[in-house]
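With this note's numbering applied, the sequence shown has no gaps in its numbers, which climb one by one up to 306 at the end.
Here the structure comes first, spelled out in structure tokens, and everything after it is commentary.
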Amino acid sequence: MRAETMAIFRFPKSEDQNVPSENGSIIAPGAFDALLKLQATLDVEELLAHFISLITAELSIDGYSYIGPQGSAIHCQGGHTNRHALAYQLMVEAEQLGELLVYRSRPFSEAESMTLEDMLCLVVYPLRNCLRYQEAIRSSFTDPLTGLGNRSNMLPQIQREISLSNREARLASLLMIDIDHFKNINDTQGHLSGDQVIICIADIIRRTVRDFDLVYRYGGEEFAILLVNTDGVRAHQVAERLRKNVEGHTCRLNNGRSVSPTISVGVSELERHDTPQTLIERADRALYRAKSDGRNLVRQEKF
Numbered sequence: 004m005r006a007e008t009m010a011i012f013r014f015p016k017s018e019d020q021n022v023p024s025e026n027g028s029i030i031a032p033g034a035f036d037a038l039l040k041l042q043a044t045l046d047v048e049e050l051l052a053h054f055i056s057l058i059t060a061e062l063s064i065d066g067y068s069y070i071g072p073q074g075s076a077i078h079c080q081g082g083h084t085n086r087h088a089l090a091y092q093l094m095v096e097a098e099q100l101g102e103l104l105v106y107r108s109r110p111f112s113e114a115e116s117m118t119l120e121d122m123l124c125l126v127v128y129p130l131r132n133c134l135r136y137q138e139a140i141r142s143s144f145t146d147p148l149t150g151l152g153n154r155s156n157m158l159p160q161i162q163r164e165i166s167l168s169n170r171e172a173r174l175a176s177l178l179m180i181d182i183d184h185f186k187n188i189n190d191t192q193g194h195l196s197g198d199q200v201i202i203c204i205a206d207i208i209r210r211t212v213r214d215f216d217l218v219y220r221y222g223g224e225e226f227a228i229l230l231v232n233t234d235g236v237r238a239h240q241v242a243e244r245l246r247k248n249v250e251g252h253t254c255r256l257n258n259g260r261s262v263s264p265t266i267s268v269g270v271s272e273l274e275r276h277d278t279p280q281t282l283i284e285r286a287d288r289a290l291y292r293a294k295s296d297g298r299n300l301v302r303q304e305k306f
């Protein structure tokens, strides 16, 4: 595959590029209908599918791929790649919107490249709206301090695992985690230092579990981990490894001091008749036992 064009597409263009058509508009006849269709969705993949259908009618495109801006984790593609491509870094008013590539078997002429650039004017603002909307949705399910999922994100994910378990006999387990003596850390070191300890523990959790396990800040100094395809025995092993990783780590604070926190962990294994609430309640009971038995412990609650 060879890219004829690898360019940055900025919008708005300079004034001399906005050349009016014969009817006095800088948008070609029929483009308003296309623009309305593009503005009717806030889903990036649906938006690009509409846009590519418009391009294909003009330029005979074989396929496309789109990679969203850094941190968005968005990657869409359709059709198939081919020998020749046009590639654009999309940008609106200095805001990065990602990279779009379109493919076909024969080279693109200069006139076709200009046509595509004109058509890109139709999609950049709807694309920005989609990206901002999806970022707002993502932020509503994310804890701002740690970047982990929050409680609102956790409950639907547990329900999804329960549905998969019922349909595919899939295993899952839940860990509920509490930082021991956290109030004492806040009282002696200050709330900013307490936040740094929470971030420190979150980082240890990320490094301990697998990439596809689901980690949440449940609230305050509490965390939760949904271990996918994991039975109770294995979940207890993961919890014990996490406990030891925290116990052996020193959290460095911005005030020059350091803290060596410990955690207590409660474990529950997903059972056939569980709901999200019953799974959480059992893990909470196990966590309470770990705290009552002396802290810095792992306890497991049966169904």
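For each residue, glycine too, the CB sits at the ideal point set by N, CA and C.
Taking the C-alpha atoms as reference points, what is the distance between L158 and S116? 48 Å
Can you find at least 3 beta carbon pairs, one from the stretch 248 to 256 and one from the stretch 142 to 149, that sit closer than 8 Å? no
Taking the DSSP output, what are the residues bridged to C133? C133 pairs with nothing; no bridge assigned.
Would you be able to state if there are at least three C-beta pairs under 8 Å between the stretch 154 to 173 and the stretch 190 to 204? no
Does the count of Cβ pairs from the stretch 134 to 145 and the stretch 54 to 68 closer than 8 Å reach three? no
Sheet register partners of C79 (DSSP bridge): Y69
Specify the secondary structure class of V212 as computed by DSSP and reduced to three states. coil
Out of curiosity, what's the CA-to-CA distance linking S112 and A227? 55 Å
If you measure between the beta carbons of G82 and G66, is that distance less than 8 Å? yes
Residue environment, S267, which counts as buried when at least 16 other CB atoms sit within 10 Å: buried
Should A175 go down as buried or exposed, given a rule of 16 or more other Cβ atoms within 10 Å for buried? buried
Count the other C-beta atoms from every protein chain shown that fall within 10 angstroms of the C-beta of E304, then say buried if there are 16 or more, exposed otherwise. buried
Excluding the 5 residues flanking L41 on each side, which residues of the same chain have their C-beta closer than 7 Å to its C-beta? L50, H53, F54, L125, V126 and P129
Rounding to the nearest angstrom, what Cα-Cα distance links N156 and L178 in this structure? 16 Å
Quick one: Cα of R298 to Cα of H184, how far? 9 Å
I need the DSSP call for A172, collapsed to helix, strand or coil. coil
Rounded to whole angstroms, what's the CA-CA distance from L89 to R210? Just pull it up for me. 39 Å
With distances taken from CA atoms, which of E225, N248, G251 and V212 is nearest T233? V212
Apply the 10 Å Cβ neighbour rule to H194 and answer buried if 16 or more other Cβ atoms are within range, or exposed otherwise. exposed
Taking only the alpha-carbon atoms, compute the straight-line gap between T44 and R135 and give it to the nearest angstrom. 13 Å
State the start and end residues of the unbroken beta strand (DSSP E) segment that holds Q99. E98 to R107
Classify D216: buried if its beta carbon has 16 or more other beta carbons within 10 angstroms, exposed otherwise. buried
Rounded separation between R275 and E120 - CA only: 55 Å
Tell me whether V236 is buried or exposed, calling it buried when 16 or more other Cβ atoms sit within 10 Å of its Cβ. exposed
Flag this pair as yes or no: are the beta carbons of A238 and E284 separated by less than 8 Å? no
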